[in-house]
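Numbering-wise (the numbering used here), the sequence shown opens with residue 3 and increments by one. Following: one structure in structure tokens, then a few remarks.
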Amino acid sequence: MPITLTQVSKTARSELVLISLGIISIILFAFTIYSFVKAPGEENASQNQVAYKNTLLPGTSTKDEVVSSLGNPKEIKTEGGKETYLYSSTNQYRSHEVQFSQDTTSLVKEQIIGSEKGKLPDFIEKYGQPQAIIYGSHGTIAPGHFWGDKGLMLFANVNDGRLIEIWYFPPQSLANFLKTYPNFDTKEPSQF
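The structure is reproduced here in structure tokens:
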């Protein structure tokens, strides 16, 4: 016996509650599957990222969070459409810098004197070998030791391991980092 459209219509109306519950169940099931598939990657990226002062994550932290954590900056600079907050450091000639892209922290440059934060071997022991050595503003004396998956780069003296500067940034590949900062290169410069 063939089913008519009228019979289907009557059944749908009489079973509206069951059909609605079925649709809701399918949506919840799809959302659950999506959260299991999507969330671990996002959590791992932020779990691997090294935070500045244990609280600020470049790419995530806002200006308000920076001010609430570090206080008001001693100076604010605007250059090339980017805003930078300057904070006092132990180096009287160089300030810590917190750069913003719109309202979000994009880069933190921490100035280091001596071994106040440890030495390069301490970081290698903690994070493993750097993914790359990058040459830039500190030349061959203190190249950048790059951990892109951690959002961390240390400029350290290759002879004694003494740190000069630490950069914190959103985790990214070496290729993306070099696109963002074209003044850096993985090739050792022949002249400085």
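Think of the CB as a built atom: it goes at the ideal place given N, C-alpha and C, for glycine as much as any other residue. Please read these numbers as outputs of a predicted model, since none were measured by experiment.
Asked                                                                                                                                                                                     : Found
Thinking residue 60 and residue 170 are a contact (beta carbons under 8 Å), I'd like their distance in whole angstroms, please.                                                           : 5 Å
Return yes when the Cβ of residue 65 is within less than 7 Å of the Cβ of residue 213, no when it is not.                                                                                 : For residue 213 there is no data in the structure shown, the boundaries of the chain being 3 and 194.
Consult DSSP for residue 174 and reduce its assignment to one of helix, strand or coil.                                                                                                   : coil
With a cut-off of 8 Å, do at least 3 Cβ pairs link the segment 112-124 to the segment 144-162?                                                                                            : yes
Does the beta-carbon distance from residue 125 to residue 136 come in below 7 Å?                                                                                                          : no
Could you give the distance in angstroms between the alpha-carbon of residue 33 and the alpha-carbon of residue 15?                                                                       : 27 Å
Between the Cα of residue 162 and those of 100, 120, 70, spot the shortest distance and give me the residue it belongs to.                                                                : 120
Does DSSP put residue 2 in a helix, a strand or coil?                                                                                                                                     : Residue 2 falls outside the range modelled here, since the chain spans only 3 to 194, and no answer is possible.
Of the choices 108, 93, 84, whose alpha-carbon is the least far from that of residue 68?                                                                                                  : 108
Might you give, ordered along the chain, the residues of its own chain that have their beta carbon closer than 6 Å to the beta carbon of residue 132, omitting 5 neighbours on each side? : 147, 148, 149
If the criterion is Cβ atoms closer than 7 Å, does the pair residue 97 and residue 87 meet it?                                                                                            : no
What three-state label does DSSP hand residue 23 in the structure shown?                                                                                                                  : helix
Go through its chain and collect everything with a Cβ distance to residue 168's Cβ below 6 Å, but skip five positions before and after it.                                                : 112, 156
Quick check on the burial criterion: 16 or more other C-beta atoms within 10 angstroms. Buried or exposed for residue 177?                                                                : exposed
According to DSSP, which residues form a beta bridge with residue 135?                                                                                                                    : 147
Would you identify the three-state DSSP class for residue 36, choosing helix, strand or coil?                                                                                             : helix
In this structure, does DSSP put residue 95 in helix, strand or coil?                                                                                                                     : coil
Name the two residues that bound the continuous beta strand (DSSP E) containing residue 78.                                                                                               : 77-81
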